[in-house]
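See below for the structure under consideration.
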């Protein structure tokens, strides 16, 4: 029977052979088609680079003595065309540059990354949503409403426009129509308002959207590594800040956003039971975050500012993202690295602008910048 099947003069032999070839080609084509989609955008993003998360380029622009000199130096780079003469207009111009960059990335990337870009834009806009919801919950009518045009995501703009004239009783319907979870909708109606809980639930909402964002075949590992590392960083920042402010264990436990890359639920709860920042850092021994924070604890003790530790974590996060990019260089890795580094670049440049305008010593400003080490 096998001789008959394998007989090259038999019509069935060629059907079988062509079927096998088609199956093999199909198996090989799927990952290859993903790589093809990323060749051009990744090459473009790597060619553009992110100079202002690098020590050398940051040192060059830190030498600027005036805002005009800063602007001229920055505009020598083809992808930066900032405008304005004062702090606000220059910083606003940088925000617009970030928006333009994300739109450029969207245009150059496969359409299968739409969900990912949508979720990431909402992550950047998070502070706008938080501020506006908290103001309504607290009945604060004196503070100026966040402007919708500062948002990157069209969904955020739409929500902010609806929240402008909203009252507390309107929040459940508005938040429900924009896909927020029942737990948050319930929290905004409670008396007295638990602002800390509202903060955490909004963070969880955006993290969930990033986790659920569909990406092309073979790209989920890069996306999930990024999201899990981000969860770790936020969890550690939350617990360090809580212990710096002397939160009790129960209040600290409420800050947990979920398990990330290295920080399991039991580890976070263990840290929540501790009394001091130094104890939290010691509890992280065995994770990649321990050495980073251990090296920064002396400066924290001198300055008594948790910002020192947060900057150390952000530096580590950039290094982690670089590693994720290298491990996934044929697909989503370089795209994630460029996007996240760009966001940190904008933050660095805005800090430098503020430093120049207030005549803050260069050494002080330099310590506030996040760098890819």
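In my numbering, the protein residues as written are 780 to 1152.
The beta-carbon is built from N, C-alpha and C at its ideal position, and this holds for glycine as well.
DSSP places residue 1063 outside any alpha helix (DSSP H), giving it a letter other than H or E. If you look at residue 974, you'll find it in the alpha helix (DSSP H) that goes 974-991. Residue 853 sits away from residue 864, with the two beta carbons spaced by 8 Å or more.
Residue 1114 counts as buried, since at least 16 other C-beta atoms from the protein chains shown sit within 10 angstroms of its C-beta. Non-local beta-carbon contacts of residue 898 in its own chain, meaning distances under 6 Å to residues more than five positions away in sequence, involve 988, 989 and 992 in chain order. Around the beta-carbon of residue 1024, fewer than 16 other beta-carbon atoms lie within 10 Å, marking it exposed. When C-alpha distances from residue 932 are compared across 1086, 960 and 881, the shortest belongs to 881.
Counting only residues of its own chain and dropping the five nearest sequence neighbours on each side, residue 1002 has a CB closer than 8 Å to the CB of 895, 989, 992, 994, 1111 and 1115. Secondary structure of residue 1108 (DSSP, three-state): coil. In terms of Cβ geometry, residue 1127 and residue 1143 do not form a close pair [threshold 8 Å]. Distance from the Cα of residue 877 is smallest, within the candidate group 949, 860 and 825, for 860. Spanning the alpha carbons of residue 980 and residue 962 requires a straight line of approximately 8 Å. Rounded to whole angstroms, residue 953 and residue 909 show a C-alpha spacing of 14 Å. Take the alpha-carbon of residue 1123 and the one of residue 1082: they are about 23 Å apart. Secondary structure in the region 1008-1051: the alpha helix (DSSP H) runs of 4 residues or longer, each lying completely within the stretch, are 1028-1032 and 1044-1051 in chain order. By the CB criterion at 8 Å, residue 974 and residue 950 fall outside the cutoff.
Bounds of any alpha helix (DSSP H) do not take in residue 996, whose DSSP letter is neither H nor E. Proximity to residue 1045 across 1062, 1057 and 1056 peaks at 1062, based on C-alpha coordinates. Nearest Cα to residue 968 within the set 918, 940, 936 and 985: 918. For residue 904, the secondary structure class from DSSP, reduced to helix, strand or coil, is coil.
Separation of the CB atoms of residue 1005 and residue 1100 is rounded to 7 Å, and the pair is thereby assigned contact status at 8 Å. Residue burial is scored here from C-beta neighbours: residue 1009 has at least 16 other C-beta atoms within 10 angstroms and is therefore classed as buried. Under the three-state reduction of DSSP output, residue 950 falls in the helix class.
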